[in-house]
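Novice: Residue numbers (UniProt numbering): 8 to 551. Sharing a structure below in structure tokens format, with a few things to ask.
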Ligand code: N01
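Structural data, given as structure tokens:
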């Protein structure tokens, strides 16, 4: 983001508001809308230049959401009533237009300060207010402070030797130039095969002079099932939307499907294949969070899903060497414990003569040179354009890099160095009246964003309203409740296959970062119940 003084929005020297929200993506905008509705005054600070959060930053070639609409939109009737999409999986440009529409309907921007970066915040116990410092040196005050920075607020660029010496064009996926990069006829590379890397590779394969994908771990990607949507079919479906938005909160991942009632081996092999095929043909995350209910818990059951996946994908790759790297017969990890990407024609790219794959598990990148990338077997791969799709300081990074200081004088960055601790995935002990959503210990990465955000957002606003009604100065989760919540997070993860594998769910790729579950793995319906239980009696909170 631009490091300059804010010139837009209600960013005044002595801002004193009820609620200060950080982030103008899905989370922040929803909070502002809900808070206003309940008569509270709220302001959003946003580092970027407009609404849309992740869809403003992630403008890499091919960036497209992998939750389907209308699951992936607000349940707010004024917003959905007059909005239609062109496709069930919109790209980032269309998502930006959606946020323009949201602003037109809800008039959000009048309470947003853009290009405003929070660099420090601490609660003043006596005054009962947060002091929030921004990069340009000003300090604002608010009774409540909410972090809606998302799980991908802090990009991660590995510390590759010689990175700065590369003389071609190089960008991280989450900071791609607005005007794009010319790749026609150029020698291009993508490092990383998460959702970002896969989408870039799909886009570049047909256009680049050559494309080399640097893969450390294969992405066990499943078919997206993208299709065009007509205005008429969407308008006709809208009569069902209220029911549909209720339903998504009753499903494990906040989608419109849940795990089957059956375990894998309740079915014969033939029935399993039939079931898998149905999910596969439907597309999307149903061949993940809609499979047999033991798939993420039982290694043998998981292997059945993996084998089905591998058989289907291997059939699509002509070259035996590439096939073995992209879809090995032996699973690199259990299916679904790393996020499967939704792909359209990812595997077919590798049948093109101009597209290659380099196994950097076997031959890691040793350094960058002015002309390219050197791998440990001594090969120099030369490029004009490189996309670094190596992800983020996932889930916790948005909070630990904001200069947050507890009432005890410690920093969140230090406190969370060995382990993240929250209560209910919405509050942190020692940080009174601070809330967060779509971050650590919520359903976050295991869910559809808007579903999680609305469940958590409504809870936060209800908590604030309750405090106001009861005349409370502040609430602060107790260390005991925090410990019990951590045990709950770990328990839900430990009974599953997630801890078998390093993944974004278990804290991500950042070297030295704690290997631990950072999401609530019990599904949205259970999560909603658990957090709701705490409110009536302020269970687990100290109240002042
Ligand atoms: O990042 P990632 P992402 N040397 O962390 C590799 C969401 N999202 O930006 O797997 C070489 O998933 C790393 O390898 P490995 C989505 O929720 C959504 O793709 O650690 N390689 C991996 O392949 C996702 O979870 C959408 O072995 C290195 C890749 O870089 C989250 O954002 C689109 C490396 C990082 O993958 C992040 O996705 C995009 C190193 N030193 C993102 N370090 C949609 O909605 C890491 N890697 C479609």
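Glycine included, each C-beta is placed from N, C-alpha and C at the ideal position.
Can you give me the C-alpha to C-alpha distance between residue 42 and residue 317, rounded to a whole angstrom?
Specialist: Stepping through the chain shown from its first residue, residue 42 is reached at position 35. Stepping through the chain shown from its first residue, residue 317 is reached at position 310. Distance between the alpha carbons of residue 42 and residue 317: 47 Å.
Novice: Out of 219, 62, 336, 543, point me to the one whose CA is closest to residue 182's CA.
Specialist: Within the chain shown, numbered from 1, the residue matching residue 182 stands at position 175. Of 219, 62, 336, 543, the residue nearest in Cα terms is 62.
Novice: Less than 8 Å separating the Cβ of residue 377 from some heavy atom of ligand 1?
Specialist: Taking the first residue of the chain shown as position 1, residue 377 is located at position 370. Residue 377: no, Cβ never under 8 Å from ligand 1.
Novice: Spatial neighbours of residue 194 within its chain, please: C-beta separation below 7 Å, excluding the five flanking residues on both sides.
Specialist: If you number the chain shown from 1, residue 194 lands on position 187. Closer than 7 Å at Cβ, skipping near neighbours: 216, 217, 389, 390, 391.
Novice: Check residue 12 in the structure and name its three-state DSSP category.
Specialist: Here residue 12 corresponds to residue number 5 of the chain shown, with the count starting at 1. Here residue 12 scores only 40 on pLDDT, less than 50, and its place in the model should not be relied on; the value that follows carries that caveat. The answer is coil: DSSP assigns residue 12 none of H, G, I, E or B.
Novice: Considering only heavy atoms of ligand 1, does any lie closer than 8 Å to the CB of residue 397?
Specialist: Within the chain shown, numbered from 1, the residue matching residue 397 stands at position 390. Indeed, a heavy atom of ligand 1 lies less than 8 Å from the Cβ.
Novice: Alpha carbons only, please: which of 372, 251, 138, 49 is nearest the one belonging to residue 126?
Specialist: Along the chain shown, read from residue 1 onward, the residue named residue 126 stands at position 119. The shortest Cα separation from residue 126 among 372, 251, 138, 49 belongs to 138.
Novice: For residue 220 and residue 470, I'd like the C-alpha separation in whole angstroms.
Specialist: Walking along the chain shown from the start, residue 220 turns up at place 213. Walking along the chain shown from the start, residue 470 turns up at place 463. One C-alpha to the other measures close to 47 Å.
Novice: Got a sec? Which residues, its chain only, sit under 7 Å from residue 9 by beta carbon, not counting five neighbours each side?
Specialist: Walking along the chain shown from the start, residue 9 turns up at place 2. Its pLDDT being 32, under 50, residue 9 is placed unreliably in this model, and the value from its coordinates should be taken loosely. If we look at residue 9 and ignore the five residues flanking it on each side, its Cβ neighbours are 122.
Novice: Enumerate, from N- to C-terminal direction, the unbroken alpha helix (DSSP H) stretches of 4 or more residues contained entirely within the stretch 194-271.
Specialist: Listed in chain order, the complete alpha helix (DSSP H) runs (minimum 4 residues) inside the stretch 194-271 are 202-211, 238-244, 248-255.
Novice: Sort out for me which residues DSSP pairs residue 441 with in a bridge.
Specialist: Numbered from 1 along the chain shown, position 434 holds the residue referred to as residue 441. 152, per the DSSP bridge assignment.
Novice: Just the C-alpha distance for residue 515 and residue 203, rounded to the nearest angstrom, thanks.
Specialist: As a working mapping, residue 515 is identified with position 508 in the chain shown. As a working mapping, residue 203 is identified with position 196 in the chain shown. Cα-Cα distance, rounded: 14 Å.
Novice: Can you tell me where the beta strand (DSSP E) with residue 483 in it begins and where it stops?
Specialist: Residue 483 sits at position 476 when you count from the first residue of the chain shown. It spans 482-484 - the beta strand (DSSP E) in which residue 483 sits, taken as one unbroken run.
Novice: Helix, strand or coil, according to DSSP, for residue 137 in the structure here?
Specialist: Start at 1 with the first residue of the chain shown, and residue 137 comes out as number 130. Strand at residue 137.
Novice: In its own chain, which residues sit with a C-beta less than 6 Å from the C-beta of residue 438, not counting the 5 before and 5 after it?
Specialist: As a position in the chain shown, residue 438 is number 431, starting the count at 1. Cβ neighbours of residue 438 beyond the five flanking positions: 413.
Novice: Would you call the CB atoms of residue 158 and residue 446 closer than 9 Å?
Specialist: Position 151 of the chain shown holds residue 158. Position 439 of the chain shown holds residue 446. Their beta carbons are under 9 Å apart, which means residue 158 touches residue 446 by this criterion.
Novice: Beta-carbon separation of residue 336 and residue 364 under 9 Å?
Specialist: Your numbering for residue 336 matches position 329 in the chain shown. Your numbering for residue 364 matches position 357 in the chain shown. Cβ distance not < 9 Å, so residue 336 and residue 364 don't count as in contact.
Novice: Taking buried to mean at least 16 other C-beta atoms within 10 Å of its own C-beta, is residue 541 buried or exposed?
Specialist: As a first step, residue 541 must be located in the chain shown, where it is residue number 534. Buried: at least 16 other Cβ atoms inside 10 Å.
Novice: Please classify residue 498: is it buried, with 16 or more other beta-carbons within 10 angstroms of its beta-carbon, or exposed?
Specialist: As a first step, residue 498 must be located in the chain shown, where it is residue number 491. Residue 498 is exposed by the Cβ-count criterion.
Novice: Helix, strand or coil: how does DSSP classify residue 314 here?
Specialist: Position 307 of the chain shown, counted from the start, is the residue given in the question as residue 314. It is helical.
Novice: Which class does residue 17 belong to by DSSP, given the choice of helix, strand or coil?
Specialist: Position 10 of the chain shown holds residue 17. Confidence is the limiting factor: at residue 17 the pLDDT is only 40, short of 50, which leaves the residue's position unreliable, though a coordinate-based value still follows. It is coil, neither helix nor strand.
Novice: Quick check on residue 28: does DSSP put it in helix, strand or coil?
Specialist: Residue numbering aside, residue 28 sits at position 21 when the chain shown is read from its first letter. Strand, per DSSP.
Novice: With distances taken between CB atoms, is the gap from residue 312 to residue 283 smaller than 9 Å?
Specialist: On the chain shown, position 305 is the one that residue 312 refers to. On the chain shown, position 276 is the one that residue 283 refers to. Yes.
Novice: Nearest by alpha-carbon distance to residue 461: which of 82, 191, 30 is it?
Specialist: As a working mapping, residue 461 is identified with position 454 in the chain shown. Residue 461 has its Cα closest to that of 82, out of 82, 191, 30.
Novice: Given a threshold of 16 other Cβ atoms within 10 Å of its Cβ, counted over all protein chains shown, does residue 161 qualify as buried or as exposed?
Specialist: Position 154 of the chain shown, counting from 1, holds the residue named residue 161. Answer is buried; the Cβ neighbour count reaches 16.
Novice: Flag residue 522 as yes when its Cβ comes closer than 8 Å to any non-hydrogen atom of ligand 1, and as no otherwise.
Specialist: On the chain shown, position 515 is the one that residue 522 refers to. Residue 522: no, Cβ never under 8 Å from ligand 1.
Novice: Since residue 52 is in the beta strand (DSSP E), which residue starts that stretch and which ends it?
Specialist: Numbered from its first residue, the chain shown carries residue 52 at position 45. 49-52 is the span of the beta strand (DSSP E), which, as asked, contains residue 52.
Novice: Rounded C-beta distance between residue 300 and residue 278? I'm assuming under 8 Å.
Specialist: Taking the first residue of the chain shown as 1, we reach residue 300 at position 293. Taking the first residue of the chain shown as 1, we reach residue 278 at position 271. That pair is no contact at about 15 Å.
Novice: Going by other Cβ atoms of all chains shown within 10 Å of its Cβ, with 16 needed for buried, is residue 400 buried or exposed?
Specialist: Your numbering for residue 400 matches position 393 in the chain shown. With 16 or more other Cβ atoms within 10 Å, it is buried.
Novice: Between the alpha carbons of residue 22 and residue 457, how many angstroms are there, rounded?
Specialist: Within the chain shown, the letter at position 15 stands for residue 22. Within the chain shown, the letter at position 450 stands for residue 457. Near 29 Å, if we compare the C-alpha coordinates of residue 457 and residue 22.
Novice: Residue 13 to residue 156, Cα distance in whole Å?
Specialist: Within the chain shown, the letter at position 6 stands for residue 13. Within the chain shown, the letter at position 149 stands for residue 156. Summary for residue 13: the model assigns pLDDT 42, below 50, so the residue's position carries little reliability; its value from the coordinates is reported in the next sentence. About 18 Å.
Novice: For my contact list, residue 356 and residue 231 are in at a C-beta cut-off of 8 Å; report their separation, rounded to the angstrom.
Specialist: Counting from one through the chain shown, the residue named residue 356 turns up at place 349. Counting from one through the chain shown, the residue named residue 231 turns up at place 224. Between residue 231 and residue 356 the Cβ distance is about 14 Å, and since that is not below 8 Å, they are no contact.
Novice: Return the CA-CA distance between residue 99 and residue 107, expressed in angstroms with no decimal places.
Specialist: As a first step, residue 99 must be located in the chain shown, where it is residue number 92. As a first step, residue 107 must be located in the chain shown, where it is residue number 100. C-alpha separation (whole angstroms): 12 Å.
Novice: Taking only the alpha-carbon atoms, compute the straight-line gap between residue 17 and residue 86 and give it to the nearest angstrom.
Specialist: To locate residue 17, count along the chain shown from 1; it is residue 10. To locate residue 86, count along the chain shown from 1; it is residue 79. Confidence in residue 17 is poor, its pLDDT being 40 and thus under 50, which makes the residue's placement too unreliable to answer from.
Novice: Could you give the DSSP three-state label for residue 387: helix, strand or coil?
Specialist: Locating residue 387 in the chain shown gives position 380, counting from the first residue. If DSSP states are grouped into helix, strand and coil, residue 387 belongs with the strands.
Novice: Mapping DSSP to helix, strand and coil, what is residue 375?
Specialist: Mapped onto the chain shown, residue 375 falls at position 368. In this structure, residue 375 counts as strand in the three-state DSSP scheme.
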